[in-house]
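Participant: So the protein sequences, as listed, match chains A and R.
The letter at position 328 of the first sequence is residue 563 when you use the numbering used here, and the numbering goes up by one with no holes.
The letter at position 319 of the second sequence is residue 554 when you use the numbering used here, and the numbering goes up by one with no holes.
Using N, Cα and C, we set each Cβ at its ideal position, and we do this for glycine too.
From a predicted model like this one, the values you see are computed outputs, not experimental measurements.
One structure follows; several queries about it will come next.
2 protein chains.
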Amino acid sequence: MLTERQKQILLAIIDDYIISAEPVGSRTVSKKKGVGYSAATIRNEMADLEEMGFLEQPHTSAGRIPSQKGYRFYVDHLLTPYMWTKEDLLALHKHYSMRIDRVEQAIQHTTSILSKMTNYMTMILGPTISENNLKHLQIVPLFDRSAVSILVTDTGHVHQHRVTFPEGVSLSTIEKLVNLLNHRLTGVPISKMKEVVARELSDELMRYVDHYEKLTELVDQILQTEQDTQRVYTSGATRMLEQPEFRDVEKMKSLLDLMEKNETIIQLLRPESSGVQVRIGQEIRLEEINDCSIITASYTIHGEPVGTIGVLGPTRMDYGRVISLIDFLAKDFSKRLSTLYDGE
Amino acid sequence: MLTERQKQILLAIIDDYIISAEPVGSRTVSKKKGVGYSAATIRNEMADLEEMGFLEQPHTSAGRIPSQKGYRFYVDHLLTPYMWTKEDLLALHKHYSMRIDRVEQAIQHTTSILSKMTNYMTMILGPTISENNLKHLQIVPLFDRSAVSILVTDTGHVHQHRVTFPEGVSLSTIEKLVNLLNHRLTGVPISKMKEVVARELSDELMRYVDHYEKLTELVDQILQTEQDTQRVYTSGATRMLEQPEFRDVEKMKSLLDLMEKNETIIQLLRPESSGVQVRIGQEIRLEEINDCSIITASYTIHGEPVGTIGVLGPTRMDYGRVISLIDFLAKDFSKRLSTLYDGE
DNA sequence: TTTTAGCACTCGAGGTAGTGGAGTGCTAAC
DNA sequence: GTTAGCACTCCACTACCTCGAGTGCTAAAA
Numbered sequence: 236m237l238t239e240r241q242k243q244i245l246l247a248i249i250d251d252y253i254i255s256a257e258p259v260g261s262r263t264v265s266k267k268k269g270v271g272y273s274a275a276t277i278r279n280e281m282a283d284l285e286e287m288g289f290l291e292q293p294h295t296s297a298g299r300i301p302s303q304k305g306y307r308f309y310v311d312h313l314l315t316p317y318m319w320t321k322e323d324l325l326a327l328h329k330h331y332s333m334r335i336d337r338v339e340q341a342i343q344h345t346t347s348i349l350s351k352m353t354n355y356m357t358m359i360l361g362p363t364i365s366e367n368n369l370k371h372l373q374i375v376p377l378f379d380r381s382a383v384s385i386l387v388t389d390t391g392h393v394h395q396h397r398v399t400f401p402e403g404v405s406l407s408t409i410e411k412l413v414n415l416l417n418h419r420l421t422g423v424p425i426s427k428m429k430e431v432v433a434r435e436l437s438d439e440l441m442r443y444v445d446h447y448e449k450l451t452e453l454v455d456q457i458l459q460t461e462q463d464t465q466r467v468y469t470s471g472a473t474r475m476l477e478q479p480e481f482r483d484v485e486k487m488k489s490l491l492d493l494m495e496k497n498e499t500i501i502q503l504l505r506p507e508s509s510g511v512q513v514r515i516g517q518e519i520r521l522e523e524i525n526d527c528s529i530i531t532a533s534y535t536i537h538g539e540p541v542g543t544i545g546v547l548g549p550t551r552m553d554y555g556r557v558i559s560l561i562d563f564l565a566k567d568f569s570k571r572l573s574t575l576y577d578g579e
Numbered sequence: 236m237l238t239e240r241q242k243q244i245l246l247a248i249i250d251d252y253i254i255s256a257e258p259v260g261s262r263t264v265s266k267k268k269g270v271g272y273s274a275a276t277i278r279n280e281m282a283d284l285e286e287m288g289f290l291e292q293p294h295t296s297a298g299r300i301p302s303q304k305g306y307r308f309y310v311d312h313l314l315t316p317y318m319w320t321k322e323d324l325l326a327l328h329k330h331y332s333m334r335i336d337r338v339e340q341a342i343q344h345t346t347s348i349l350s351k352m353t354n355y356m357t358m359i360l361g362p363t364i365s366e367n368n369l370k371h372l373q374i375v376p377l378f379d380r381s382a383v384s385i386l387v388t389d390t391g392h393v394h395q396h397r398v399t400f401p402e403g404v405s406l407s408t409i410e411k412l413v414n415l416l417n418h419r420l421t422g423v424p425i426s427k428m429k430e431v432v433a434r435e436l437s438d439e440l441m442r443y444v445d446h447y448e449k450l451t452e453l454v455d456q457i458l459q460t461e462q463d464t465q466r467v468y469t470s471g472a473t474r475m476l477e478q479p480e481f482r483d484v485e486k487m488k489s490l491l492d493l494m495e496k497n498e499t500i501i502q503l504l505r506p507e508s509s510g511v512q513v514r515i516g517q518e519i520r521l522e523e524i525n526d527c528s529i530i531t532a533s534y535t536i537h538g539e540p541v542g543t544i545g546v547l548g549p550t551r552m553d554y555g556r557v558i559s560l561i562d563f564l565a566k567d568f569s570k571r572l573s574t575l576y577d578g579e
């Protein structure tokens, strides 16, 4: 579809534009080493590339900038593996000096590293617990009929929420109930608990415990976990202000507005496939960030994907570097989490 | 110190400037109703006010703007109680339609209301648990020597963290230990737990349990709560972009940078006294926000102050409105929390 | 046929007056 | 003590100009 020369020119233009954020002219390209053609030749090719939709021209007498199609082609076919620089490794090493012993801390730390090293915005979708198995369930009565319900998973996650006892049910009944639930639900995935109760336990419950009808509601309350929407961590919104395309206040505003809506971020980060994923501009299907790209990778615990790491930057993003960084960090983060979850 | 007329003029200028964000000229002031003097008279008074440091002039042929001293005087002596408008009440009402049943949700909701209604940035320092009393303590072993330690307070807060058992200590020993701790620490304020253990329990522990030396470290781990720095909630960073003084990218950047540093915010919100507190410009002692003001109020649970609500805006802030809103919301939030903590 | 040199043309960025208006300070009259 | 009048200041805005980077096209060179 594209001749070797055209690819070479496209590559040169994008590489240059990613650094300079300025339209790239034919002369600039022809002077790059490795390109043995005159500006006029380049001009002809550039006109062709524009016709095919890989390049765009802000106005007649300006150079060319890559179009979305151009970036897509670049990411799919032209990108060469990023070479880590000494500075990168040094920076990574520096960040790794601190000891991490809590999941939250690990997440925050990772977002911060990523945004510092890329200079773009970073988002992490915290791990879901729904696929983890119940380790322990407990009710701590507080006063009157109010209590806290605590679910602990085998990964060490603690989920808590308020519950209210139904009227006229004794504490000992509730204790019995909790014991039963504990006995039967330990080892069951959080997401399947309700199902198991409905299928296997309702008969038994009815026999074992008084006030069955009143208690079903309580059981529902206890097993409620969805209200805990996945937590979102972001970092480096400021960094975007350093990108020339966000020197514009309006653009920055719409970006920040977006970032305050957790649901949108969750939407953006929900993985469509495993591995590193690149969405460019309108591929994101979100008007506000038409000229941004998002690179995501999911991280795993013991091989199971549980959350996502994402970097959001202008379409003119250093794809090579970000992809390699995010890939590395997602893997590293997975490893860290897995050890955290295994104890030391 | 100031004549009545000077006060009147200062008030008029500040009121005008708060709305327009433009230097106020003598003509504008003299045309305000209630002011019966000509522009020339006003000009004389304005020159005096400037000499005394209450006003400033951006350049010779511009109007006057209030200085920090001017705002301070305004807040201390000229501010009249804010009259709630119909829109305010309507907006408040609208926001109150949703049901809240988790503390976090209540906090987030309150920040969001406050930032929406003021159009400034809002910050809330989450409640501390250190003054609450222990209700229940529990260890859930996960695998090998790793476990989760869970502390529940009488207010229903759950604090959790990872602990590692010392080598060569049996589970039953640990169980004994936990029972003992539970028995003796229930009802003790979180912040005093370690003290109580040191004073009252060390002897008993030594007698009761084997491996005393090994266990002290575990006890320390279990009772560790400080690592949980107070959580900070913010909302409405975007709103600042609507303020003319933050149309400047650099300024916005330094503000956002600040907001990503939790410790700084905690510092800013740590209350110096109870009640609504206004800090103007350099009174904040933070270079980055020399031209901002912060209004804070602490909220309480059953009368005990446990956290802070704060609004950050340009020095040209609608003090009256914000003070009245923050006062109202802090009280309302306290009430909500108190009921949340009491059960239904 | 492909590449390159040359040239006229385009268009935006940035610099330089010039103008209008809002506001001031001062003086002198009320 | 207050106000009208007036000269003066300074910013914001516009219009205009110039410069230079970059283009497309044509015709010559390879």
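Buried or exposed: I561 (chain A), going by 16 or more other Cβ atoms within 10 Å of its Cβ?
Facilitator: Classification for I561 (chain A): buried.
Participant: Am I right that V432 (chain A) and V413 (chain A) are in contact with their C-beta atoms under 8 Å? What's the rounded C-beta distance?
Facilitator: Not confirmed; about 13 Å, so no contact.
Participant: Judging by CA-CA distance, which residue of A:S569, A:L386, A:Y317 is the nearest neighbour of L458 (chain A)?
Facilitator: A:L386
Participant: Name the two residues that bound the continuous alpha helix (DSSP H) containing H396 (chain A).
Facilitator: Not the alpha helix (DSSP H): H396 (chain A) falls in the beta strand (DSSP E), residues 393-399.
Participant: Between I530 (chain A) and I501 (chain A), which are expected to be in contact by the criterion C-beta below 8 Å, what is the C-beta distance as a whole number of angstroms?
Facilitator: Between the beta-carbon of I530 (chain A) and that of I501 (chain A) there is about 17 Å, and that puts the pair past the 8 Å contact cut.
Participant: For T363 (chain A) and T295 (chain A), I'd like the C-alpha separation in whole angstroms.
Facilitator: 51 Å
Participant: When you compare each of R:S273, R:G545, R:Y331, R:K329 to I244 (chain R) by their alpha carbons, which one comes out closest?
Facilitator: R:S273
Participant: Can you tell me the Cα-Cα spacing of S302 (chain R) and I359 (chain R), whole angstroms?
Facilitator: 28 Å
Participant: Could you tell me whether the Cβ atoms of L290 (chain R) and G305 (chain R) are closer together than 8 Å?
Facilitator: yes
Participant: Let me know the secondary structure DSSP gives Y317 (chain A) once reduced to three states.
Facilitator: coil
Participant: For my contact list, Q395 (chain R) and Q373 (chain A) are in at a C-beta cut-off of 8 Å; report their separation, rounded to the angstrom.
Facilitator: Wrong, their Cβ atoms sit about 12 Å apart, outside the cutoff.
Participant: Leaving aside the five residues before and after N367 (chain R) along the sequence, list all residues of the same chain whose C-beta is less than 8 Å from its C-beta, in chain order.
Facilitator: T388, D389, T390, H392, P424, I425
Participant: In three-state terms, what does DSSP make of S381 (chain A)?
Facilitator: Strand, per DSSP.
Participant: Starting from A532 (chain A), trace the beta strand (DSSP E) both ways and give me its first and last residue.
Facilitator: A532 (chain A): member of the beta strand (DSSP E) spanning 527-536, first to last residue.
Participant: Taking DSSP's pairing of strands, which residues face T390 (chain R) in a bridge?
Facilitator: DSSP output for T390 (chain R) lists no bridge partner at all.
Participant: Can you list the alpha helix (DSSP H) stretches of 4 or more residues lying completely in the region 263-322 of chain A, in chain order?
Facilitator: Taking only runs of at least 4 residues, the alpha helix (DSSP H) segments lying wholly in the region 263-322 of chain A are 274-286, 303-308.
Participant: What's the call for G516 (chain R), buried or exposed, on a 16-neighbour Cβ count within 10 Å?
Facilitator: Taking all protein chains shown into account, G516 (chain R) has 16 or more neighbouring C-beta atoms within 10 Å of its C-beta and is therefore buried.
Participant: Given H330 (chain R), which residues of its chain have a CB within under 7 Å of its CB, disregarding the five upstream and five downstream residues?
Facilitator: I348
Participant: DSSP state of R551 (chain A), grouped into three classes?
Facilitator: coil
Participant: Taking the CB atoms as reference points, tell me whether Y252 (chain A) and I300 (chain A) lie closer together than 8 Å.
Facilitator: yes
Participant: Going by C-alpha distance, which of A:D250, A:L504, A:K267 is nearest F308 (chain A)?
Facilitator: A:D250
Participant: Roughly how far, in whole angstroms, is the beta-carbon of N488 (chain A) from the beta-carbon of T357 (chain R), given that I think they are within contact range, below 8 Å?
Facilitator: As written in the sequence, residue 488 (chain A) is Lys, which differs from the Asn given in the question. The pair is not a contact, with the Cβ atoms about 17 Å apart (cut-off 8 Å).
Participant: Determine whether the beta carbon atoms of A341 (chain R) and L564 (chain R) lie at a separation below 8 Å.
Facilitator: no
Participant: Quick one, which residues of the region 434-460 of chain A are near chain R if we go by CB-CB under 8 Å, in chain order?
Facilitator: none
Participant: What is the rounded straight-line gap between the Cα of D283 (chain A) and the Cα of I519 (chain R)?
Facilitator: Looking at the backbone, the Cα of D283 (chain A) and that of I519 (chain R) are separated by about 59 Å.
Participant: Mapping the DSSP letters down to three states, classify S470 (chain A) as helix, strand or coil.
Facilitator: strand
Participant: Pick out whichever of R:K449, R:K496, R:E239 has its Cα sitting closest to the Cα of P401 (chain R).
Facilitator: R:K449
Participant: With a threshold of 8 Å between beta-carbons, can Q465 (chain R) be considered close to chain A, or not?
Facilitator: no
Participant: Closest by CA to L246 (chain R), which one among R:L313, R:N279, R:M287, R:M281?
Facilitator: Residue R:L313 is the option with its Cα nearest to L246 (chain R).
Participant: In three-state terms, what does DSSP make of P506 (chain A)?
Facilitator: coil
Participant: Determine the extent of the beta strand (DSSP E) in which T421 (chain A) is found, giving its start and end residues.
Facilitator: Run containing T421 (chain A): none; DSSP gives neither H nor E here.
Participant: How far does the alpha helix (DSSP H) with V338 (chain R) in it extend, from its first residue to its last?
Facilitator: 338-353
Participant: Quick one, are the C-beta atoms of S569 (chain R) and T543 (chain R) less than 8 Å apart?
Facilitator: Note that the C-beta distance between S569 (chain R) and T543 (chain R) is not below 8 Å.
Participant: Which residues in the same chain as H446 (chain A) place their Cβ atom closer than 8 Å to its Cβ, once the five residues preceding and following it in sequence are excluded?
Facilitator: P401, G403, V404, T408
Participant: Which partner residues of I515 (chain A) appear in the DSSP bridge assignment?
Facilitator: A:S528
Participant: Following a CB-centred definition, is V431 (chain R) positioned closer than 7 Å to any heavy atom of the ligand SAH?
Facilitator: This structure lacks the ligand SAH; in fact it carries no ligand of any kind.
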